[in-house]
Amino acid sequence: MVVVDEASFMRSLFKSYYEGVAGDIKPPSSLERREFAFMLFGREEMLRHVWFRRAEELASFIRSEAPAHIYYSSAYYSSPWERDMELKGWVGADLVFDIDADHIPTPCKGEHDRWECLDCGAQGRGLEPERCPSCGGRRIKAHSFYLCARCLEAAKSEVIKLVEDFLIPDLGFSPREIHVAFSGRRGYHVHIESEAVRELDQYARRELVDYVKAVSLKPEAHGYHHSIDSSPSPPTLNSPGWRGRIARGIYSIISGASREELRSMAPPVKRRAYGRSFWSRLVERAIKLQRCEVDERVTTDVRRLIRLPGSLHGDTGLIAKALSLNDLEYAY
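Sequence positions in the sequence shown follow our numbering and run 175 to 506.
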């Protein structure tokens, strides 16, 4: 009996797929300025600094090697084949957002997610904490045991929020500049190809992340003072930016909450202070509802390697599928 090792078996399956579709996988724009990287079956280290002049060369390589993972750089380089990053000649990068269900606090996390502290060995269920509750360490390893439809739905909602509430109305990007792809695992990637962002450094990209995540957001700067009556010009649902976004969040909370839920937003205080406390809690909750959960490490990395849409995810076997904005609502 012939025994086939797992790596060879998986490679044969991937090769069967790629022999039929490699030529149809759309390469990234400015292909000749991108670095490509691959994880190959049976090989532990990543194959990096690969460069292609034409789409046909990329397709031929994919058919031949049937990689487990295919990545390309969000960055554009003058010499993408150079192994020394300083010699590659960085000339710009696409703006990329990564929305992963692992980072969204859905109620089902306790059913299928676990975490482990690598410092003291403590373990727990649900979304991993920033610090270990036992030793205070930050080296936390998350374990997600299966693909959850509810988590993917939550991630998709965050993508729609990012595109429809931030990227188009607030930041002024055209739908033609925005490209969305399922990651092949538990989330989505949002790529923006625009000259307006290509030369932004990591600090400028951090500002964009902070904006969509409401980092250090001051409600009073947007018209939300200690009470609804203290603002000289109260925000409306149609106000631009965070001013209107918070208003819509407040409306959503109030219209969907019971009287008991609304009362729970304010702790027991003297009657005089109740209104102020309630209002502050309501605004705070509205901000949490309206902000977008993106992975800041991906967006701020101007040399990030991103999974190629149309390729297979080596851990799940799922296609990292490109999606139009119209199709996103019905995706996965």
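For every residue, glycine included, the Cβ atom is placed at its ideal position computed from N, Cα and C.
Quiz item: Beta carbon of A242, beta carbon of F188: below 8 Å?
Solution: Here residue 242 refers to the residue found at position 68 when the sequence shown is read from its first residue. Here residue 188 refers to the residue found at position 14 when the sequence shown is read from its first residue. Taking 8 Å as the Cβ cut-off, A242 and F188 qualify as a contacting pair.
Quiz item: Near A316, which residues of its chain fall below 7 Å by C-beta distance, leaving aside the five closest residues on each side in sequence?
Solution: As a working note, residue 316 is residue 142 in the sequence shown. So the list reads D276, D287, W289, E302, once near-sequence residues are dropped.
Practice problem: Name the two residues that bound the continuous alpha helix (DSSP H) containing A233. | Solution: In the sequence shown, the residue the question calls residue 233 occupies position 59. Element bounds for A233: 229-239.
Quiz prompt | Runs of alpha helix (DSSP H) lying entirely within the segment 362-445, each at least 4 residues, in chain order | solution = 369-372, 376-387, 415-430, 433-437
Quiz item: S318 by DSSP, collapsed to three states: which one?
Solution: In the sequence shown, counting from the first residue as 1, residue 318 sits at position 144. The DSSP-derived three-state label of S318 is strand.
Quiz item: Which of helix, strand or coil does DSSP assign to M220?
Solution: Looking up residue 220 in the sequence shown gives position 46. Here M220 sits in coil by DSSP.
Self-check item: Burial state of T490, where buried means 16 or more other Cβ atoms lie within 10 Å
Solution: Taking the sequence shown and counting its residues from 1, one reaches residue 490 at position 316. With fewer than 16 Cβ atoms within 10 Å of its Cβ, T490 is classed as exposed.
Quiz item: Which class does S253 belong to by DSSP, given the choice of helix, strand or coil?
Solution: Translated into positions along the sequence shown, residue 253 becomes position 79. Here S253 carries a coil assignment [DSSP, helix/strand/coil].
Self-check item: Length of the line joining the Cα atoms of Q297 and E193
Solution: By 1-based counting over the sequence shown, the position of residue 297 is 123. By 1-based counting over the sequence shown, the position of residue 193 is 19. Cα-Cα distance, rounded: 44 Å.
Practice problem: Check each candidate in I480, V457, N412 and name the one with the smallest Cα separation from H399. | Solution: For the purposes of this step, residue 399 is identified with residue 225 of the sequence shown, where counting begins at 1. Nearest of I480, V457, N412 to H399, Cα basis: V457.
Self-check item: Contact under 8 Å by Cβ, K330 with L502
Solution: Reading the sequence shown from its first residue, position 156 is the one you call residue 330. Reading the sequence shown from its first residue, position 328 is the one you call residue 502. Against a cut-off of 8 Å, the Cβ pair of L502 and K330 comes out as a contact.
Self-check item: 8 Å Cβ cutoff met for K411 and Y245
Solution: The residue you call residue 411 lines up with position 237 of the sequence shown. The residue you call residue 245 lines up with position 71 of the sequence shown. The sequence given here has Leu at residue 411, not Lys. For L411 and Y245, no; Cβs fall outside 8 Å.
Practice problem: Could you tell me how far apart the beta carbons of D469 and G415 are, in whole angstroms, since I believe they sit closer than 8 Å? | Solution: What you label residue 469 is simply residue 295 of the sequence shown in a count that begins at 1. What you label residue 415 is simply residue 241 of the sequence shown in a count that begins at 1. Wrong, their Cβ atoms sit about 23 Å apart, outside the cutoff.
Exercise. Take the Cβ of K462 as the centre, count every other Cβ of all protein chains shown within 10 Å, and call the residue buried at 16 or more, exposed below.
Key: Residue 462 sits at position 288 when you count from the first residue of the sequence shown. Burial check for K462: the Cβ neighbour count within 10 Å stays below 16, so the residue is exposed.
Self-check item: Cβ-Cβ distance between Q464 and G430 below 8 Å
Solution: Stepping through the sequence shown from its first residue, residue 464 is reached at position 290. Stepping through the sequence shown from its first residue, residue 430 is reached at position 256. No; because the gap between Cβ atoms is not below 8 Å, this pair is not in contact.
Quiz item: For L269, does the three-state DSSP call read helix, strand or coil?
Solution: As a first step, residue 269 is located in the sequence shown; it is residue number 95 there, counting from the start. Here L269 sits in strand by DSSP.
Practice problem: Please state whether DSSP places A328 in a helix, a strand or coil. | Solution: By one-based count along the sequence shown, residue 328 stands at place 154. Residue state, collapsed to three classes: helix.
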